[in-house]
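Chains as they are written, first to last, in numbering that gives the first Met the number 0: chain A, 0 to 192; chain B, 0 to 570; chain C, 0 to 258; chain D, 0 to 108. We put the beta carbon where it would ideally sit given N, CA and C, even for glycine. On a predicted model such as this, the values are computed, not experimentally measured, just so you know. Single-structure report; data block below.
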Amino acid sequence: MSMHGPIATHRSATGVPSGRLAIWWLLASEIFIFGGLVTCFVLFKLNGTPGFEDASLTSTAAGAINTFVLLTSSLSIVLAHAAIEKGDRVKSFRYIWYTIGGGVVFLGIKTYEYTGKIIHGHVITENLFWSFYYTMTGLHALHVIGGMVIMALISFDIRKGHNYQRVELIGIYWHFVDLVWIFLFPLLYIANF
Amino acid sequence: MSQAAAAVQTDTHAEHHEELSFLYKYILPVDHKIIGMQYIFTGMIMAIIGGYFAYAFRMQLAFPGELVPLYGLVGPGEYNMLVTNHGTIMIFWVAMPVLIAGFGNYLIPLMIGCDDMVFPRLNRLSYQIFLVSALVLIASFFVRGGGFGGAWTSYPPLSSVAEYSLTDWGASLWILAVALEFVSFLLGGINFVTTSMNARAPGMKMLDIPIAVWFIVVAVILFMASVGPLVAGAVMLFMDQRIGTTFFLPSGGGDPLLWQHLFWFFGHPEVYVVLLPTLGIVAEIITVFSRKKLFGYRTVLYTAFATGGLSFVVWAHHQFIAGIDPRMANVFTVTTVLISIPLAEMMFSYIATLYGGSIELKTPMLWALSFIAAFLIGGVTGIYLGASAMDVYFHDSYFVLAHFHYTFFPITIIGMFAALTYWFPKMFGRMMNETLGKIHFWGTFIPFNCIFLPLFFLGLAGQHRRIYNYEHFPDLATQELQNIRIFATVSLVVMLIFQLVFIYNFFVSMFKGKKAPNNPWNANTLEWTIPSPPQHGNFKDLPTVYRGPYEYSVPGREKDYWPQNEPPEEN
Amino acid sequence: MIEYFVENASSFAGDIDNLFLVITLIIGFWFFLTFGILVYFIVKFRRKDGVKAKYFAGEKHSETKWTHYPHYAVIAMDVVIIAVNIMVWVNIKQTLPPRDNLVRVIGQQWTWSFIHAGPDGELDTPDDVATVNDLHLKLGDTYHFELQSRDVLHNFAVPAFRLRQDAVPGRTISGWFKPTKTGTYDLQCAEMCGYGHGIMGAAVTVHSAESYETTMAQIQNGTYESHYQKRMGTKTSLPSNTSQVDEEGSFAVLLASIF
Amino acid sequence: MSEAYAHPNYIKIWFWLLGLLVISVAGPMLEIPALTIITAFGIAIVKAYLVAANFMHLKFEKKFIWYLLILSICLLGVFFFGVAPDVMMTDGDQWIDCIADKSCVEQRL
Chain A
0 MSMHGPIATH RSATGVPSGR LAIWWLLASE IFIFGGLVTC FVLFKLNGTP GFEDASLTST
60 AAGAINTFVL LTSSLSIVLA HAAIEKGDRV KSFRYIWYTI GGGVVFLGIK TYEYTGKIIH
120 GHVITENLFW SFYYTMTGLH ALHVIGGMVI MALISFDIRK GHNYQRVELI GIYWHFVDLV
180 WIFLFPLLYI ANF
Chain B
0 MSQAAAAVQT DTHAEHHEEL SFLYKYILPV DHKIIGMQYI FTGMIMAIIG GYFAYAFRMQ
60 LAFPGELVPL YGLVGPGEYN MLVTNHGTIM IFWVAMPVLI AGFGNYLIPL MIGCDDMVFP
120 RLNRLSYQIF LVSALVLIAS FFVRGGGFGG AWTSYPPLSS VAEYSLTDWG ASLWILAVAL
180 EFVSFLLGGI NFVTTSMNAR APGMKMLDIP IAVWFIVVAV ILFMASVGPL VAGAVMLFMD
240 QRIGTTFFLP SGGGDPLLWQ HLFWFFGHPE VYVVLLPTLG IVAEIITVFS RKKLFGYRTV
300 LYTAFATGGL SFVVWAHHQF IAGIDPRMAN VFTVTTVLIS IPLAEMMFSY IATLYGGSIE
360 LKTPMLWALS FIAAFLIGGV TGIYLGASAM DVYFHDSYFV LAHFHYTFFP ITIIGMFAAL
420 TYWFPKMFGR MMNETLGKIH FWGTFIPFNC IFLPLFFLGL AGQHRRIYNY EHFPDLATQE
480 LQNIRIFATV SLVVMLIFQL VFIYNFFVSM FKGKKAPNNP WNANTLEWTI PSPPQHGNFK
540 DLPTVYRGPY EYSVPGREKD YWPQNEPPEE N
Chain C
0 MIEYFVENAS SFAGDIDNLF LVITLIIGFW FFLTFGILVY FIVKFRRKDG VKAKYFAGEK
60 HSETKWTHYP HYAVIAMDVV IIAVNIMVWV NIKQTLPPRD NLVRVIGQQW TWSFIHAGPD
120 GELDTPDDVA TVNDLHLKLG DTYHFELQSR DVLHNFAVPA FRLRQDAVPG RTISGWFKPT
180 KTGTYDLQCA EMCGYGHGIM GAAVTVHSAE SYETTMAQIQ NGTYESHYQK RMGTKTSLPS
240 NTSQVDEEGS FAVLLASIF
Chain D
0 MSEAYAHPNY IKIWFWLLGL LVISVAGPML EIPALTIITA FGIAIVKAYL VAANFMHLKF
60 EKKFIWYLLI LSICLLGVFF FGVAPDVMMT DGDQWIDCIA DKSCVEQRL
């Protein structure tokens, strides 16, 4: 690994490399952002706010397929990490692009879902449930897009042979995006009572 | 930037960066010291705007309906806009950038003995986002309808519906600016925490870290843990404003109280976020200028943890009478009053540090001691407001206003001046003028008390906040109360005039002051062991730390200080 | 102490004033003690040539007792404050004593509307009396109020009653008070409510029984003159109002000439 | 960057996750609300654990990362229980939800 930037970047008094430590702190603060939204959603849902019965209108099948896609992309990014640790740049590059492909499929299904809902008149202002639905999935989709862009940048980096540790970092982030979806899925698609 | 692998050796490493162009050195720096100063200067410019706003609306209060010199007529809408943005600017664009981001950036790597932040470019990015947020806020004053005027708490539905607030884009740009600012400090905060966890100098154990660094890190962690729900809330509020959702609008099933909870769940820890760095700075200064070891390092540290932890369970004391469940108020009263326990202990420890010391009243010490004195008033008056039944009378009155200015003014302004006067020699390599410094100190501290002490009595008289003109409230429109208002305003003008002394002193000393030695105050911490101002890369060789930061006047030593990196003497 | 500044005109005003006194005594004691010690230390331990500062870490019990013992005392006094406070709070906000009379208070940008229950003591009946910016109360009656808001948050605040309560749109918030002194007092809106927040005041008049009946009758037959407007008419003159003060003597003008 | 820890069998974990996904989708088909909650959220937590522990390597990470994440979630719990009495209990001793029982004054918007 090439050595550049300040020395501080490469010190590790805790035993966790700085990059990974920073990602964990980032995720801790992301937990609060998504957690805040989810908490508000749960508060309104448990309160029986009118409109929340619309959860039955969301397409469980689309949600389940999206969960499957994200889980699979999570697998491919972790395999990319495993490959790069063995020094296999080509394989790692390929797995990263599988992951990006997963993200594209996810966003495609999301778009299809949004379109269907909007055609049926379930726009963001219809009631609180749909407001939360679009806000939460939209914020999540923004994270997916951000992750994909960074992943693409990293993939070219590692093909040139530097910054291998970043595959692990983007992987942790991507798993977090996956985790958020794991909780959004039951909240928005399954729990329609 | 990307130097070859030879940079492993630190001494060569430092020299690589000498040939940076002006653009990369001062406009797009990665050096933590320059970024820190960018934050500090931006914060000071914003402080001037905030102070100007305070001047404008105080003049309107003292002389209602008259043209304010240098401003013009302050109407009701403008008055609301001025108080709202005065609060927002002073907290988010002065206290946060100067105390946390500015001094955090400047001090953390120097005090823990490393050459830069762990992620220098992330650091630069967070400053750039911060700058954009400041520009967005300033832009919001000039859109149609004017700047946002719904108080810095921006309670919906007032803030979420343009028909209510009459500031359609002002409100949206305001919340956008605040959200951008949060993002900037989240990124900066991650950097701070990682740096102080991972990049400490060899030998620096947890309890060898200077209190200032500890407290900045605790503050940043508090910030990161509390701001998330409000970021979510800001997204929701922004969508309420621009898209027409009804998260906070009761007619659409939403709940205005939810915003208050989201806001204060962040807003109360935020008080400690800005308080802790100043407390840390004060700890550094009082130990140096009384030549004493800090009384009870561990106690001070644990009280900070306790304060931070407690600050997450007190937020609803801002909402005692906002329509929340009255039974919850009892719980929050207990937790709120409990906060006095760690903070009292901390104050006692600071005062005990002075015992048996050898106190020299240099300008930084004056600021630090005046912080303790002023913060005592702010602290004890907080007990009134933590008590829910007192809040029935004091909510949104000038008593609240005087109380939090007695905490925020010492924290922000006094803390800033204390830190600036103390680290000025290190930052610019020159000494500030002591006489002018003392004139500025007394010219700020005395008028400060003259502004805010009378406001406690206005609060007792039942005067409520955010009113542009009291003539609609006959009980408050009496000559006696008006005299108090005029007195406070005159004091404010006097205080603002004395700031000119500081500005003069600051810039003249920066270029023409006496050359500063490496360690003008004979302090122990690592930043004083290197030249003033430090070169890029800070340390020629990474220091090794042998002892805690407060070993002053150790018996049996000739010198009364003992730098952290000085190897123990061989016997 | 508050009563030196504002009259206490409700049954629980005294409780709040007492609570204020209790807290003032406790924190006053601590403040002057701590402040005195701070000043004493600063004066006593000024730098003298040849005198070296003491060295102790403040970790041993013999040292920490100086901060810990006062600290225990702080805890004890906190308990006192909390106990007194909760008693007062439960009385004011958490319990509703049986009512003699009822009034609905409606806040909107930027006026207060009041619906007095009338002789039958029930709202939404034909004998209700509605007024704007003018609340009329009978001395000694225990009132319940129903607080509502048409648009944004408002705050129903009567300093003389030591009463404040937010009005939240979408909710009806109830509470009580019992006026104990006749007179006319300010009613404020103490929650930022937009452009006209500064003019959103009203008058609260506490009447004796017969005066109350006459006023109510006057309101119903239309011969009534609003107390609020009367007050605004008589007491609006602030000394520095542009219309009434000669320009030269004003401080703002003086300042303007300096700048 | 390679650290000496054995990589878990990612494919196996992935099959576990897919199995759990099928259960959580199938759960509501039994139409027992209590069971749905368990299959939906219980399984979400199990899935989250599997992903965090294996894919994110939390199994091999320092303990304080766990504490950090768990503390975040606990704080959210504090937030939830602090807010719940106000937002969820729209009727209480001193206030009622006047939108629900239509007793409100007419709202401007």
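Report the partner residues of residue i according to the DSSP bridge assignment.
i	result
C/Q188	Residue identity differs from the one stated: residue 188 of chain C is Cys in this sequence, not Gln. Paired residues: C/F155.
C/H143	C/L101, C/W175
B/S396	B/H463
B/V67	B/G71
C/R163	C/A156
C/A201	C/L186
D/I95	C/T171
Are residue i and residue j closer than 7 Å when you measure CB to CB?
i	j	result
B/S310	B/Y271	yes
B/F191	B/G103	yes
B/A515	B/M430	yes
C/T181	C/V205	yes
B/I284	B/A94	no
A/G101	A/S55	no
D/S23	D/I42	yes
B/S369	B/R290	no
C/Q164	C/F176	no
B/L275	B/A218	yes
B/P409	B/F374	yes
C/P178	C/L136	yes
Determine, using beta carbons only, whether residue i comes closer than 7 Å to chain D.
i	result
C/D150	yes
C/S173	yes
A/H142	no
C/G169	yes
Within 10 angstroms of its Cβ, does residue i collect 16 or more other Cβ (buried), or is it exposed?
i	result
B/W441	exposed
D/L19	buried
C/S236	Low per-residue confidence applies at C/S236: pLDDT is 45, beneath 50, and the placement is therefore not dependable, though the value from the model is reported in the following sentence. Label assigned to C/S236: exposed.
B/S552	buried
A/V37	buried
A/K85	exposed
C/Q187	buried
A/G145	exposed
B/P156	buried
B/Q478	exposed
Does the beta carbon of residue i sit closer than 7 Å to a beta carbon anywhere in chain C?
i	result
B/L480	no
D/I12	no
Does the beta carbon of residue i sit closer than 7 Å to a beta carbon anywhere in chain B?
i	result
D/I98	yes
A/T124	yes
C/K53	yes
D/G91	yes
C/N84	yes
Please confirm if residue i has its CB atom under 7 Å from at least one CB of chain A.
i	result
B/L165	no
B/P228	yes
Anything in chain F within Cβ reach of residue i, meaning under 8 Å, just list it in chain order.
i	result
D/V82	Looking at the structure shown, chain F is missing, and the protein chains on hand are A, B, C and D.
Uninterrupted alpha helix (DSSP H) stretches inside the segment 61-86 of chain D (no shorter than 4 residues):
62-86
Complete alpha helix (DSSP H) runs within the segment 64-90 of chain A (minimum length 4 residues, chain order)
Qualifying alpha helix (DSSP H) stretches: none in this window.
At what residue ranges does the segment 439-517 of chain B contain a whole run of the alpha helix (DSSP H), taking only runs of 4 or more?
478-511
Could you tell me which whole alpha helix (DSSP H) segments of length 4 or greater appear in the segment 313-378 of chain B?
325-337, 339-353
Fully enclosed by the segment 51-94 of chain C, which alpha helix (DSSP H) runs are 4 residues long or longer?
60-88
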